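K.L.:
Chains as they are written, first to last, in my numbering: chain A, 1 to 507; chain B, 508 to 1005. Even glycine gets a Cβ: it sits at the ideal position worked out from N, Cα and C. For clarity, every value in this text was computed on a predicted model and none was experimentally measured.
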Amino acid sequence: MKRVAPLLATFVLGVVFIWRGHVIAQAPPELLIRRASIVNADGRTEGDIRIRGEKIAEIGRNLTAGAGAREIDAGGFVVLPGGIDPHVHPGQNFTAESAAALAGGTTTISTMVSAGNVGFGGGRAGGAPPPPNPFADEDLVGTIQRTDEKIKKEAMADFILHVTINDPQKRLNQLEGLVKIGQPSIKIFMNRAGFVENERAYVALIRKAGEVGVLPLIHCEDDTLINDIGERFIAQGKADIRNVPQARPVLTEEVATARCVAFSEATGAPVYIVHISSAAALRQAEAGRARGLPIFTEVRWIYLFLTDDIYKRDDFQLYIGQPPYRKQSDVDYLWKGVAGHTVDVVDTDHNTFTKEQKMEPQTILNHRAGMNGLQDYLPVLWDTGVRSKKITPETFVAITSANPAKLMGIYPQKGRIAVGSDADVVIWDPNETRTIRDQDELSVAKHSFIAGRSVTGWPRVTIRRGAVVWENRQITSKPGSGKLIPRHKMEKPWSFGPARSTAGDRR
Amino acid sequence: MTRRRCLEAVSAIALLAAVAFPFSRPAAQTPPELIIRKATIVNADGRTEGDIRIRGEKIAEIGRNLAPAAGAREIDATGLIVLPGGVDPHVHPIGSQENLTTASAAALAGGATTISHFVSPAVAGQRGATADEDFAGVVRRTDELIKKDGMADFIVHVMMNNPEKQIDQLAGLVRSGQPSIKIFMDRAAFADHERGYIAAIRKAGELGIMSLIHCEDWTLINEMGQRFTAQGKGDIKYFAEARPVVTEEAATQRCVSFSETTGAPVYIVHISSERALRAAEAGRARGLPIFTEVRFIYLFLTDDVYKRDDLGLYIGRPPYRKQTDVDYLWKGISNHTVDVVDTDHSGYTKAEKLTPQTVLDHKAGMNGLQDYMPIVWDQGVNKKRITAETFVAITSANPARLMGIYPQKGKIAVGSDADILLWDPKETRTIRDQDELSAAGHSFVAGRSVTGWPKITIRRGEIVWENRQMKARPGSGRLVPRHQFEKGWPAASKATSP
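#1: Looking at C-alpha atoms only, which residue of L680(B), A659(B), F661(B) and D656(B) is the closest neighbour of M667(B)?
#2: By the DSSP assignment, the alpha helix (DSSP H) with Y835(B) in it spans what residues?
#3: Given a cut-off of 7 Å, decide if L573(B) and E542(B) are closer than it, judged by their beta-carbon atoms.
#4: Along the chain, where does the alpha helix (DSSP H) containing M731(B) start, and where does it finish?
#5: Compare the Cα-Cα distances from L318(A) to each of P90(A), P404(A), R207(A) and H447(A) and report the closest residue.
#6: Report all residues from its chain with a CB closer than 7 Å to the CB of R487(A); omit the five preceding and five following residues, and keep chain order.
#7: Under 7 Å, CB to CB, which of the residues in the region 264-282 of chain A have a partner in chain B?
#8: Between P988(B) and the rest of its own chain, which residues show a CB-CB distance below 7 Å, the 5 nearest in sequence each way excluded?
#9: Can the beta-carbon of K150(A) be found closer than 7 Å to that of L172(A)?
#10: Does the beta carbon of A696(B) come closer than 7 Å to any beta carbon on chain A?
#11: According to DSSP, simplified to helix, strand and coil, what is K327(A)?
#12: Can you tell me which of G644(B), Y879(B) and T831(B) puts its alpha carbon nearest to the alpha carbon of L784(B)?
#13: From P270(A) to K489(A), what does the alpha carbon distance come to, in whole angstroms?
#14: Let's test the definition: count the other Cβ atoms within 10 Å of the Cβ of Q145(A) and tell me whether it reaches 16, buried, or not, exposed.
#15: Between G872(B) and G911(B), how many whole angstroms is the CB-CB distance? I'm expecting something under 8 Å.
#16: What is the residue span of the beta strand (DSSP E) that I542(B) lies within?
#17: Mind pulling the beta strand (DSSP E) runs of 3 or more residues that sit fully within the region 549-594 of chain B?
#18: Rounded to the nearest angstrom, what separates K744(B) and D868(B) at their Cα positions?
#19: Quick check for students: name the residue ranges of the alpha helix (DSSP H) that lie wholly in the region 263-292 of chain A, counting only runs of 4 or more.
#20: Which bits of chain C does V255(A) rub up against, with CB to CB less than 7 Å?
#21: With a threshold of 16 other CB atoms inside 10 Å of the CB of V386(A), please say whether the residue is buried or exposed.
#22: Is the beta carbon of N191(A) less than 7 Å from the beta carbon of E231(A)?
#23: From the DSSP secondary-structure annotation, give me the bridge partner or partners of A467(A).
#24: Excluding sequence positions up to five away, which residues of its chain have a Cβ less than 7 Å from the Cβ of A920(B)?
#25: Beta-carbon separation of T307(A) and Q328(A) under 7 Å?
#26: Please determine if the region 759-779 of chain B and the region 876-887 of chain B are in contact, where contact requires at least 3 C-beta pairs separated by less than 8 Å.
#27: Less than 6 Å between C-beta atoms, sequence neighbours within five positions excluded: which residues of the same chain meet that for L986(B)?
#28: Kindly indicate which three-state DSSP category M658(B) falls into: helix, strand or coil?
#29: Contact criterion: CB-CB distance below 7 Å. Does L513(A) meet it with respect to chain B?
#30: Leaving out the 5 sequence neighbours to the left and right, which residues in its chain are closer than 6 Å to I582(B) when beta-carbon positions are compared?
#31: Buried or exposed for A738(B), please, with buried defined as at least 16 other CB atoms from any protein chain shown within 10 angstroms of its CB.
#32: Identify the residues that DSSP records as bridge partners of L365(A): which are they?
#33: For F951(B) versus Y821(B), is the C-beta spacing smaller than 7 Å?
#34: Can the beta-carbon of I475(A) be found less than 7 Å from the beta-carbon of R453(A)?
#35: Hey, quick one: how far does the beta strand (DSSP E) through I636(B) stretch, first residue to last?
#36: Can you give me the Cβ contacts of V801(B) inside the same chain, cut-off strictly under 6 Å, excluding the 5 residues immediately before and after it?
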């Protein structure tokens, strides 16, 4: 009987997958996308795209179809390289979060895995300490190998992987292993007590990362200030999570960003600043870039259309993320940075908390940060950016695909529609209008904090390495078809090419 | 005892006396009244012409053709400029030979009538202390020392080294009349106690205590210094590279954020670079109570100094920067985004300064008290970078305001202390080691020709420097009781526009 249970579970799971629309497609020998308006970060062309196996084989006019080829007419649509979201926390279910990504036009996502015994398990709502990490003794390569096994079993999107460092002294000599195994990035949180206690070691680690070609992704909020202000708020009876924008003001982000820029300047290492939310923080990064420093910038999509007005809502807890939402002037400045190419990447910082988890009691110092966004962020960005003429489609591709591909060392395999590249292609309907609904969300979060929002511009067909994985609003991929993508290391010169010269943004 | 030994003893005592009391020889008899005739008086907010009547320690009257009282001494100030005595809030009267008397002498000879001392509370078990000293105790102990040795007037800053414990002593500091603390961001203790220091800065602000903050980022400095050392570049000639502008800028930005978070005023000491000053200016532009001090050495020296053979003489923290930084600091002074220019004086001897130093271990600070006002005058007023009014603002009025002793000090006005300089803008002198009254016994800028020197220095009505002779006696200086920081006092710019 004991042996029947897993079998039964597998059967039920299988039924559920088919019921949810995971129709397993037989890949044709050739796929031809006809009359494609192809948009890359550096310009657009018209033509047909021939896909053979996992790669783009040819781009040209009136291509002759091979025997058994499937042809898709892209007339009236826009054809974009698949989205690359380098900032995703897919939790424990890589299948469901892959589905959300593919349905939203993103073909490559990330996972972030905590190394060592600190911070394992993510959210700390309710004050529960994080559970002990059963893999605390693993080295960084071991962490990647273990996660690769899970990707091979569950993933449908392609993956990259960032290891979160909590014990910098111990990891200094493991960075070269990250380069060898092809996942040359690390995540560092300046908003955790562990950072303050190990600052010297973290700075040494950042230096070493730069020397060996590993990109540090850095969360820039000042732990000392956040805690000082937070504890003061609590002492004054203002612990309510509604006070989070005042308790975690722009200043705490700005000063950590300035310091992060200083780390780059002092060590010569590149740094990638995650989820910039404010004009003041972006200005600090811009000042570093203007001095020629290898400072790279990510804006989380939510900061491009929401402001701190949301804290007045009854259900505002659904929206809680770190850093908090800012003012309309910040929103405007971030868009200016996107259009002016001082913002390299826009992505989600996706998380999988359910509505129930998000609505659990939270305080300003102890909250469940992060929300489900993978399925909707590209459409919302298209809608608020391209349709409202803040940016061109080329810039849209730069920030959602080409730039993250370059920074993560997977360009031009990913991030570009070109002969020889992976056939990660999205046939995008710029005119489709849909209302976001909880019941359509494929993430285990099973809801969207922006449900009810009407959005124009959606992926009609998503192709990942030559396989049609989303079509007719159905996932047509199977768990295990996603791959961990081996990456190049960061190399000098740090500037990363054509994205800087993205033409067409004259606003 | 043989006759010879007795003679030896007597001559030793005589020698000692000569060394110990070199400044007290013509012990001055203070006249009942002092009148300065035909004075061109320059204050921070403008200039007037007239006579100044001094009675006792105070300025009694300013007017035209004042009638002298019986026994008055009259001094003709024709051709001279009359300035309020310098207030240098950043002085360390330390060094193997330096004491409050020698540092006072250097100050008075250079035109500064009020200087400071920085004192760390004694810690039980260290340097023979049996108990931890509290802040009020530090002020009492230093006051005793000033009463014995001081010739200039003094203010005291207590160095905070244990914020969690000392935060409750801040109120006592206000009662002691010395409302300021010093915090070093370039020390490991800061990185280890960040939360405690921020809480202390907030509390200080609430109590009207000024936090003087040394802004260099310990984490970066130490990481870089260790690395330079490991690469065989530990020699002090790499000082500027191992301690680059970014380490000062990052700490200054953070210091500004402390003020913004806590609402407390902060006084950023010895700004050396354009980028650090810009960080402070950004905070001031947001209306924050950020106050700025530039050390005089950064106004005329650059990192070219590190190519010299005797570079050890010049070592101070932060390092010297580029000419563009020098130019920007002057711009800040003329635009009133720099509040104070002073010395960060230390009285180390040449031998002390030339002992081997490294990028991580060095003897920072140098003797400057006797020469900084002439050099700032020469570089600033003579070169027409700033007006004489701005000179008074940065060397006297602004530090007096920020330290809570204005208008008792920092202004020539009826009722103010008679701290007055008769300044000869035409006198040219070459700085020489043998003229230095600090026990440092040398100047790092010896050989430099400078135009503009104090001819007479008057401290609280007493002529203390005249005919290039020190007239003051040890013990004539005082600890000056200070007001708390005035909340809402605008940036000095508004108070001192020329």
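P.N.:
Let me lay it out:
#1: As a first step, residue 667(B) must be located in the second sequence, where it is residue number 160. Nearest C-alpha to M667(B): L680(B).
#2: Indexing the second sequence from 1 puts residue 835(B) at position 328. Y835(B) -> alpha helix (DSSP H) spans Q830 to S841.
#3: Here residue 542(B) corresponds to residue number 35 of the second sequence, with the count starting at 1. Here residue 573(B) corresponds to residue number 66 of the second sequence, with the count starting at 1. Inspection of the sequence shows that residue 542(B) is occupied by Ile rather than by Glu. Yes; because the gap between Cβ atoms is below 7 Å, this pair is in contact.
#4: As a first step, residue 731(B) is located in the second sequence; it is residue number 224 there, counting from the start. Start and end: W725 to A737.
#5: If you number the first sequence from 1, residue 318(A) lands on position 318. Of P90(A), P404(A), R207(A) and H447(A), the residue nearest in Cα terms is H447(A).
#6: Locating residue 487(A) in the first sequence gives position 487, where the first residue counts as 1. Within the same chain, R487(A) has close Cβ partners I160, G182, Q183, P184, M408, G409 and I410.
#7: E265 and A266
#8: Your numbering for residue 988(B) matches position 481 in the second sequence. Cβ within range, chain order: G684.
#9: To locate residue 150(A), count along the first sequence from 1; it is residue 150. To locate residue 172(A), count along the first sequence from 1; it is residue 172. Contact flag unset, no.
#10: As a first step, residue 696(B) must be located in the second sequence, where it is residue number 189. No - not a single Cβ of chain A is within 7 Å of the one on A696(B).
#11: In the first sequence, residue 327(A) corresponds to position 327, counting from 1. Coil.
#12: Numbered from its first residue, the second sequence carries residue 784(B) at position 277. Closest by alpha carbon: T831(B).
#13: On the first sequence, residue 270(A) is found 270 positions in, with the first residue counted as 1. On the first sequence, residue 489(A) is found 489 positions in, with the first residue counted as 1. Near 12 Å, if we compare the C-alpha coordinates of K489(A) and P270(A).
#14: Here residue 145(A) refers to the residue found at position 145 when the first sequence is read from its first residue. With fewer than 16 other Cβ atoms from the protein chains shown falling within 10 Å of its own Cβ, Q145(A) counts as exposed.
#15: Position 365 of the second sequence holds residue 872(B). Position 404 of the second sequence holds residue 911(B). Their Cβ separation, rounded to whole angstroms, is 25 Å, which puts G872(B) and G911(B) out of contact at 8 Å.
#16: To locate residue 542(B), count along the second sequence from 1; it is residue 35. Start and end: E540 to N550.
#17: 553-562, 565-570, 580-583 and 588-591
#18: Locating residue 744(B) in the second sequence gives position 237, where the first residue counts as 1. Locating residue 868(B) in the second sequence gives position 361, where the first residue counts as 1. If I take the Cα positions, the gap works out to 12 Å.
#19: Counting only runs of 4 or more, we get 279-290.
#20: Chain labels in this structure do not include chain C; the protein chains are A and B.
#21: Taking the first sequence and counting its residues from 1, one reaches residue 386(A) at position 386. Burial call: buried.
#22: Mapped onto the first sequence, residue 191(A) falls at position 191. Mapped onto the first sequence, residue 231(A) falls at position 231. Cβ distance not < 7 Å, so N191(A) and E231(A) don't count as in contact.
#23: Numbered from 1 along the first sequence, position 467 holds the residue referred to as residue 467(A). In the DSSP output, where bridge partners are listed per residue, A467(A) has R464(A).
#24: Start at 1 with the first residue of the second sequence, and residue 920(B) comes out as number 413. Counting only Cβ-Cβ distances below 7 Å, and skipping sequence neighbours, we find I566 and P914.
#25: As a working note, residue 307(A) is residue 307 in the first sequence. As a working note, residue 328(A) is residue 328 in the first sequence. Yes, they are a contact pair.
#26: no
#27: If you number the second sequence from 1, residue 986(B) lands on position 479. So the list reads D650, I653 and F661, once near-sequence residues are dropped.
#28: Position 151 of the second sequence, counting from 1, holds the residue named residue 658(B). DSSP places M658(B) in coil when its eight states are reduced to three.
#29: Nothing can be reported for residue 513(A): it is not among the residues displayed for chain A, which extend from 1 to 507.
#30: The residue labelled residue 582(B) in the question sits at position 75 within the second sequence. Counting only Cβ-Cβ distances below 6 Å, and skipping sequence neighbours, we find I543.
#31: Along the second sequence, one-based indexing puts residue 738(B) at 231. Residue identity differs from the one stated: residue 738(B) is Gln in this sequence, not Ala. Q738(B) is exposed by the Cβ-count criterion.
#32: Mapped onto the first sequence, residue 365(A) falls at position 365. Partner(s): none; L365(A) has no beta bridge.
#33: Taking the first residue of the second sequence as 1, we reach residue 951(B) at position 444. Taking the first residue of the second sequence as 1, we reach residue 821(B) at position 314. A distance below 7 Å separates the beta carbons of F951(B) and Y821(B).
#34: As a first step, residue 475(A) is located in the first sequence; it is residue number 475 there, counting from the start. As a first step, residue 453(A) is located in the first sequence; it is residue number 453 there, counting from the start. Cβ atoms of I475(A) and R453(A): not closer than 7 Å.
#35: As a first step, residue 636(B) is located in the second sequence; it is residue number 129 there, counting from the start. Per the sequence shown, the amino acid found at residue 636(B) is Ala instead of Ile. Where A636(B) is concerned, there is no enclosing beta strand (DSSP E), given that its DSSP letter is neither H nor E.
#36: For the purposes of this step, residue 801(B) is taken as residue 294 along the second sequence, with counting starting at 1. Result list for V801(B): I778, L836, V845 and V848, in chain order.
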